[in-house]
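**Q** Please find one structure pasted underneath; my questions will follow.
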Amino acid sequence: QVQLVESGGGLVQAGGSLRLSCAASGSILSMNAMGWYRQAPGKQRELVATTTSSGTMYYGDSVKGRFTISRDNAKNTVYLQMNSLKPEDTAVYICCARRGIFGNYDYWGQGTQVTVSP
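In structure tokens, the structure reads:
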């Protein structure tokens, strides 16, 4: 069982930056994919970014060019660098991990709140 704990959320003004961290209780080397989703009030959960063990990265259209996902296998941690933040980025950001190449994510964190003020 792998536990994921997010940190780094907070309140920031539009145009600012935040870096989220997702620390895993076990090795992330066994995880084929790790990613970030976000959930805003009244909206569907949205895939923000993913990174695979082969180095492939995916970004949602709304964050391309502004957000960067990275993983540090030695620290069992995944990061999400968020730049040029907009009020519409306000959401709970949730880390996830998947053992398989395809399919649903197996492990989820509790989430960290990001609030972007105008």
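Position one of the sequence shown corresponds to residue 379 (the working numbering), numbered consecutively onward. Yeah, the Cβ is synthetic: ideal placement off N, Cα and C, and Gly gets one too. Source: prediction; values computed, not measured.
How is the beta strand (DSSP E) around L425 delimited, first residue to last?
**A** E424 to T430
**Q** For T468, which residues in the same chain have their Cβ closer than 8 Å to its Cβ, ignoring the five residues on either side in sequence?
**A** A418, V492, T493 and V494
**Q** Residues in its own chain within less than 8 Å of F445 by CB, not counting five upstream and five downstream?
**A** V426, A427, Y437, L458, Q459, M460 and N461
**Q** With Y471 and L398 assumed to form a contact (beta carbons below 8 Å), what rounded beta-carbon distance in angstroms separates them?
**A** At roughly 6 Å, the Cβ-Cβ gap stays under 8 Å, so Y471 and L398 are in contact.
**Q** Per DSSP, which one or two residues make a beta bridge with E384?
**A** C400
**Q** With burial defined as no fewer than 16 other Cβ atoms inside 10 Å of the residue's Cβ, what is the status of T434: buried or exposed?
**A** exposed
**Q** Tell me where the beta strand (DSSP E) around F480 begins and ends.
**A** Neither: F480 is in no beta strand (DSSP E) and is coded neither H nor E.
**Q** Out of Q422, S440, Y415 and K421, which one is the CA nearest neighbour of T429?
**A** Y415
**Q** So, using beta-carbon positions, are T455 and G387 closer together than 8 Å?
**A** No, these two residues do not count as a Cβ contact at 8 Å.
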